[in-house]
Amino acid sequence: MTQQGYMVSNAFFNRELSLLEFHKRVLYQAYDHSLPLMERLRFACIFATNLDEFFEVRVGGLVEMLELNTSTPAGPDGLTQEQTLAEVCERAHSLVYEQYYILNEQLLPMLRENHIRVLRREEWNELQISYLKQVFETDILPVLSPIGLDPAHPFPRILNKSLNFIVKLAGKDAFGRNSGRAIVQVPRSLNHMIELPSEVGGEGRTFVFISSIIHYFMAELFIGMTVIDSYQFRLTRNSDIFLDEEETEDLLRAVQGELVYRQYGDEVRLEVADTCPKELEDFLVQRCEITERDVYRISGPVNMNRLSDLFDLIKDSRYYFVPFVQAMPKLPKRANSYFSALKKQDILLHHPFDSFHAVVDFLREAAADPNVLAIKQTLYRTGTNSPVVDALVAAAKAGKEVTAIVELRARFDEEQNVALAERLQRYGIHVIYGVVGFKTHAKMLLVARREESKLRYYVHLGTGNYHPKTSMLYTDYGLMTCDRDMGADVYRVFLQLSSLGKASKMECLLYAPFTLHKGMVRRIRTERENAENGKPARIIAKMNSLYEEELTNELYAAAQAGVKVELIVRGICQLRPGIEGLSDNIHVRSIVGRLLEHSRVFYFENSGNPELYCSSADWMIRNMFHRVETCFPIKHKKIRDRIIEDLELYLADNTHAWILQPNGSYEHLQPKDGEEPIDSQAILLERWAARQLTPV
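So the sequence shown is numbered by the working numbering: it starts at 4 and just counts up by one.
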């Protein structure tokens with residue numbers, strides 16, 4: 004299976020189009036008959052959510068720049084913003100068509116074959132109508148607020164991503180008004196779906212959308228008038244937060260103020276039922292102030308992600324991946340704490356195969372240890388009811404000096420982070436909001452412990468967030484160590500973030516926005532020089548996204564010198580592989596499977612003396628120059644060899660790997676005749692189940 008590609012006039016792919024290619028790879032998982040049925044549906048819902056965010060942020064940004072008449076020149080890919088927006092809309096329309104084709108032609112029929120039905124209104128029998136009428140009158144009607152459109156009630160400001168009906172009416176209301184139209188918003192406080200009891204629904208499991216119930220009984224909202232028909236629609240708005248940080252004195256209050264604006268930003272997309280007549284569609288286009296290009300006619304439930312309610316309602320294990328048990332690290336013999344264990348050896352955590360509880364337990368141990376004087380931690384995304392936050396609070400209550408660097412502007416988690424910051428401050432924790440103009444994206448934990456009248460630093464550094472839930476779904480590495488140089492470097496980073504002093508010289512960490520980019524460039528150039536001198540030269544880089552022109556050009560130069568460059572890039576990839584004389588020595592693959600590949604790992608052959616780094620940073624402009632990031636070396640040989648073994652496994656995957664082609668398309672790699680299937684994620688799950696983390 005190959006995705007349709009796109010051509011560019013030079014050596015770089017467009018960022019937005021590359022991101023859409025990733026979203027399509029996610030959608031294509033819904034085609035995969037080897038996956039359990041509900042997991043296929045889950046991928047279709049994930050795609051719907053991804054596309055929402057794409058319009059809210061990426062398309063919203065493009066539209067905003069064009070509306071401001073910003074004369075931004077074409078990017079390195081050669082496309083202007085107008086050209087990019089046109090290409091994006093064309094590609095997005097194609098994806099939406101395919102999204103609903105998969106749903107209507109494959110997923111819903113297969114659900115029915117398995118006695119799981121989502122009933123349409125025209126399928127309801129008299130018994131079901133009677134039951135649903137009672138549900139409507141009891142649970143739904145009291146929370147509905149229909150808005151008749153007339154001079155006193157103009158077209159309302161539609162809430163971002165809310166589901167609504169445009170209603171066509173005939174007749175006059177009790178006051179003699181006759182506008183002919185009304186808007187009804189589907190309440191966000193209600194579940195998207197309900198299940199019918201077996202005596203009403205019949206054989207198997209039967210579900211109905213709340214929106215279908217409202218649609219069927221719409222006439223109950225307009226007594227004395229005639230509802231000719233009603234049609235679902237949904238509006239997506241620009242939801243990126245803008246802060247003029249030079250003029251912002253209180254970042255916390257500024258973020259709180261911008262969160263209100265997010266729900267009512269500029270319109271960028273209108274989804275409307277494909278049965279909606281042109282007259283009403285034109286009315287919505289005019290009132291929503293968008294163009295015809297921004298209209299997406301939907302053949303099915305508007306907002307497919309509403310089907311995700313089924314995951315909580317259907318628990319049958321036949322339809323899901325087989326669950327796995329996460330392992331806890333086995334500490335060395337005679338080590339009765341993480342502190343004594345780390346004095347003997349570093350500990351590598353590979354999530355989700357290894358449990359994130361190891362980090363939580365380490366924090367709890369530090370909070371209770373009378374010899375621990377201080378704890379410092381960065382918090383980017385933590386989730387609600389976080390055990391990490393509870394441990395920090397416990398440490399503060401125990402009299403430790405606790406400092407939290409809270410990044411308020413973690414996109415779509417801002418509201419949670421504001422609440423988090425306020426909670427931490429209530430317990431006397433020093434809360435710092437990072438550096439103006441730079442997101443603090445580094446994943447660092449530092450524990451300062453007094454031992455024999457000296458101070459020792461214990462450190463955790465990771466590629467992913469301190470978020471227990473995502474650690475069960477994302478692949479990430481975490482390193483726990485008391486290495487002297489590593490501890491001193493992490494302390495220096497925290498000191499600079501809190502004191503705003505000048506950047507300190509680091510012993511082993513690479514640190515954005517100061518040394519990370521230069522460090523990566525220098526190591527790529529070393530590989531190029533080694534290849535030119537006939538020495539072993541190879542680069543393996545695993546990341547979420549690659550979009551930084553200088554690093555891309557350095558990879559091109561290295562490949563031309565004979566360096567074997569193997570990239571594992573999950574999402575955006577600016578680099579164009581396989582071009583004769585430019586990048587024919589570069590191979591790019593994307594792994595899309597059960598788990599979200601999130602770890603960032605950079606391997607350099609270094610003439611037979613390999614260097615391996617893990618990082619919180621992708622090779623993106625923002626990560627290199629506009630964020631606080633850390634990139635840490637893996638010094639312990641056995642740990643380094645274990646991560647290299649993982650990288651080689653990803654490179655051998657022939658089941659969930661997609662190979663980037665020179666024209667920007669992706670070819671789904673599948674085992675050839677007689678070739679053994681290699682599913683990297685499944686093998687890692689099997690290895691960790693068998694290994695149970697024998698200490699290195």
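Using N, Cα and C, we set each Cβ at its ideal position, and we do this for glycine too.
Sorted by chain position, which residues of the same chain lie with C-beta nearer than 6 Å to ILE543's C-beta, five sequence neighbours on each side aside?
If we look at ILE543 and ignore the five residues flanking it on each side, its Cβ neighbours are GLU569, TYR606, LEU650.
Would a C-beta distance cut-off of 8 Å place LYS175 and LEU283 closer than the cut-off?
The answer is no: Cβ separation not under 8 Å.
Quick one, which of GLU59, PHE225, GLU223, ARG120 has its alpha-carbon nearest GLU206's?
ARG120
VAL566, DSSP secondary structure in three states:
coil
Would the beta-carbon of THR555 fall within 8 Å of that of PHE15?
yes
Alpha-carbon spacing of ILE432 relative to GLU670, whole angstroms:
Rounded to whole angstroms, ILE432 and GLU670 show a C-alpha spacing of 51 Å.
Please state whether DSSP places PRO636 in a helix, a strand or coil.
strand
Report, in whole angstroms, the separation of the C-beta atoms of ILE624 and TYR559, which I expect to be a contact under 8 Å.
The Cβ separation is near 17 Å, so there is no contact.
Would you give the residue range spanned by the beta strand (DSSP E) that ALA330 belongs to?
No beta strand (DSSP E) contains ALA330, which DSSP labels as neither H nor E.
Note down the Cα distance separating ASP319 from VAL230, rounded to an integer number of angstroms.
41 Å
Using the Cβ count rule (16 or more neighbours within 10 Å means buried), how would you classify THR226?
The amino acid at residue 226 is misidentified as Thr; the sequence shows Ile. Its Cβ having fewer than 16 others within 10 Å, ILE226 is exposed.
Exposed or buried, which one is GLN84 when buried takes at least 16 other CB atoms within 10 Å?
buried
Can you check DSSP and say which residues form a bridge with ARG630?
LYS442
So, is THR141 buried or exposed, given that buried needs 16 or more other C-beta atoms within 10 angstroms?
exposed
Counting pairs of Cβ atoms below 8 Å between the stretch 660-669 and the stretch 441-458, do you hit three or more?
Note that the stretch 660-669 does not touch the stretch 441-458; fewer than 3 beta-carbon pairs, one per stretch, sit closer than 8 Å.
Tell me which same chain residues have a C-beta within less than 6 Å of the C-beta of ALA445, skipping the five on either side of it?
THR381, SER619, VAL631, GLU632, THR633
Would you kindly report the start and end of the unbroken alpha helix (DSSP H) that includes SER97?
84-105
Once the 5 residues before and after THR52 are set aside, which same chain residues still bring their CB inside 6 Å of it?
ASN308
Look at the alpha carbon of LEU585 and the alpha carbon of TYR100, and state the distance between them as a whole number of angstroms.
36 Å
Identify whether HIS601 lies in helix, strand or coil by the three-state DSSP scheme.
coil
Kindly indicate which residue of ILE681, VAL524, LEU130, ALA561 has the alpha-carbon position closest to the one of GLY535.
For the record, residue 535 in the displayed sequence is Glu; it is not Gly. Checking every option, the nearest Cα to that of GLU535 belongs to ALA561.
For a quick check, are the C-beta atoms of ALA397 and ILE378 less than 8 Å apart?
no
Quick check: the Cα distance between PRO145 and PRO190, rounded to an integer number of angstroms?
10 Å
Does the stretch 323-341 come close enough to the stretch 128-135 that 3 or more CB-CB pairs lie under 8 Å?
They do not touch, by the three-pair rule.
Just how far apart, CA to CA, sit LEU512 and PHE635?
5 Å
Among VAL363, ASP372, ARG272, whose alpha-carbon lies nearest the alpha-carbon of ASP393?
VAL363
Starting from the C-beta of GLU614, find all residues in its chain whose C-beta is less than 6 Å away, skip the five residues before and the five after it, and write them out in chain order.
Same-chain partners within the cutoff: PHE607.
Roughly how many angstroms separate the alpha carbons of MET41 and ARG160, rounded to a whole number?
Looking at the backbone, the Cα of MET41 and that of ARG160 are separated by about 36 Å.
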